[in-house]
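Residue numbers (this note's numbering), protein chains in the order written: chain A, -1 to 175; chain B, -1 to 175.
Report on the following structure.
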DNA sequence: TTCTATATGTTATAATATATCATATTTTAA
DNA sequence: TTAAAATATGATATATTATAACATATAGAA
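Here it is as structure tokens:
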């Protein structure tokens, strides 16, 4: 059981697992910023202070963050920030694969592996709101097979799975609910 | 090629295929209403004239329809309809599996098989906006396997695939784009 | 340096969704 | 059969999410 779990986590198809409560989140942010710098340099696009700040704010947790939540936090450093300030930065970050949008929550989450291009597959815990990002080939293959059989040309996959993560399940949060 | 396509379409895992332009859509609506009546009777819930009308409006096409689009159409028969009028009806229809919400479009689409409970898997054509509804066991299994391996308990799957349907591809709509 | 493209500021408004309380209708059950 | 309770709809207001449009500033290219 534990072994299967470890295999699943260590697998490259799990881009970002659920994080333990006590993990060093500052380190996550540092790594995300570094990866973003590297990605933007490669793309020849400018990773401005505003964009960096917005990325940091999205990374303020491993959970999805709303645009207006980002805006509110942003205002402590930029008093006159307005919705377009945030939405434009978010758009940039998405175009460069630095964040993903969770459609079912109208919210955004940092990408765990901006070096590699990939669509979004997410497990979202309904209790702690944390998100695990996947790039599961079996899911991708199943989708592609069916689409092919129907002559449908896939351009973008949105896979968002809501449920309860292992930690919350163990803690017994709302179990039967 | 054609054979594979037919197998895919006839398969029960394709709940509602892309519809040809010339199909008898009135018949689709009639069948959807009949299925809804039967479903609500089974559930012991009341399929009121308002709810019926809203369902008909969602079924006005095989594409996703926005809540305010439904509202506008609804107003020709109910002059004083307001947003809550529509949203409450949509909520009812979703609870009873008569429609699905397409998260990535903030829109709603009629369910092709309300008799059977299922989550949503959709192929959405970016050109003609039509939607094919799936209940693909391979996709479901791939998702469940990965979730199980991570100790994640799945409650709700959202699978929304954007791309180009076979018809639009054949017609050459925006092909290289 | 001047032109051009890119990025941000600023104001206004669009699009989507819900809260709340009032009224009407249906169902339950005494 | 009628009063109470539950359900459904009406009506108004407002919350939440997102974009349009135009002005200004800044960075790179010619």
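All residues carry an ideal CB built from backbone N, CA and C; glycine is no exception.
Bear in mind that the values here come from a model prediction, so they are computed numbers and not experimental data.
In the three-state reduction of the DSSP assignment, residue 76/A falls in the coil class, being assigned neither a helical nor a strand state. In the structure shown, residue 109/B falls within a coil segment according to DSSP collapsed to helix, strand and coil. Within its own chain, the residues whose Cβ lies closer than 7 angstroms to the Cβ of residue 166/B, once the five positions on either side in sequence are excluded, are 123, 125, 126, listed in chain order. Collapsing the DSSP output to three states places residue 150/B in coil. Ranking 66/B, 11/B, 69/B, 112/B by CA distance to the CA of residue 40/B puts 112/B first. Ranked by Cα distance from residue 88/B, the options 63/B, 141/B, 76/B, 158/B are led by 63/B. Residue 155/A has 159/B as its beta-bridge partners, per DSSP. Shown here, residue 123/A sits in a strand according to DSSP, grouped into three states.
Collapsing the DSSP output to three states places residue 37/B in a helix.
According to DSSP, residue 132/B shares a beta bridge with 12/B, 119/B. Chain A has no Cβ within less than 7 angstroms of the Cβ of residue 120/B.
DSSP places residue 99/B in the uninterrupted beta strand (DSSP E) bounded by 97 to 100. Counting only Cβ-Cβ distances below 8 angstroms, residue 136/B has contacts in chain A at 140, 143, 144, in chain order. If you draw a straight line from the Cα of residue 75/B to the Cα of residue 69/B, it comes to about 10 angstroms. Beta-bridge partners assigned by DSSP to residue 63/A: 106/A. Take the alpha-carbon of residue 155/A and the one of residue 14/B: they are about 19 angstroms apart.
Within chain B, the residues whose beta carbon sits less than 8 angstroms from that of residue 124/A are 153, listed in sequence order.
Chain-ordered listing is empty here: chain A has no CB closer than 9 angstroms to the CB of residue 88/B, the nearest sitting near 16 angstroms. Burial check for residue 162/B: the Cβ neighbour count within 10 Å reaches 16 or more, so the residue is buried. In the three-state reduction of the DSSP assignment, residue 138/B falls in the helix class, which pools H, G and I. DSSP places residue 90/A inside the alpha helix (DSSP H), whose first and last residues are 81 to 93.
No Cβ-Cβ contact shorter than 7 angstroms links residue 171/B with residue 11/B.
The three-state reading of DSSP puts residue 25/A in helix, counting H, G and I together. Rounded to the nearest angstrom, the gap between the Cα atoms of residue 145/A and residue 132/B is 10 angstroms. Between the alpha carbons of residue 36/A and residue 30/A lies a distance of about 10 angstroms. Scanning its chain for C-beta atoms nearer than 7 angstroms, with the 5 sequence neighbours on each side dropped, one finds around residue 60/A the residues 17, 128, 129, in chain order.
Sequence-distant partners of residue 102/B (beyond 5 residues in either direction) whose C-beta falls short of 6 angstroms from its own C-beta, in its chain, are 158. Between residue 163/B and chain A, the shortest Cβ-Cβ separation is below 7 angstroms. Of all residues in the stretch 93 to 105 of chain B, only 101, 102 place a beta-carbon less than 7 angstroms from a beta-carbon of chain A. In this structure, the straight-line span from the alpha carbon of residue 118/A to that of residue 142/A is close to 14 angstroms. In this structure, residue 20/A keeps its C-beta atom at 7 angstroms or more from the C-beta atom of residue 56/A. According to the DSSP assignment, residue 114/B belongs to no alpha helix (DSSP H), since it is labelled neither H nor E. Relative to the Cα of residue 45/A, the nearest Cα in the group 151/A, 140/A, 91/A belongs to 91/A. Along the stretch 62 to 81 of chain A, none of the residues has a CB nearer than 9 angstroms to a CB of chain B.
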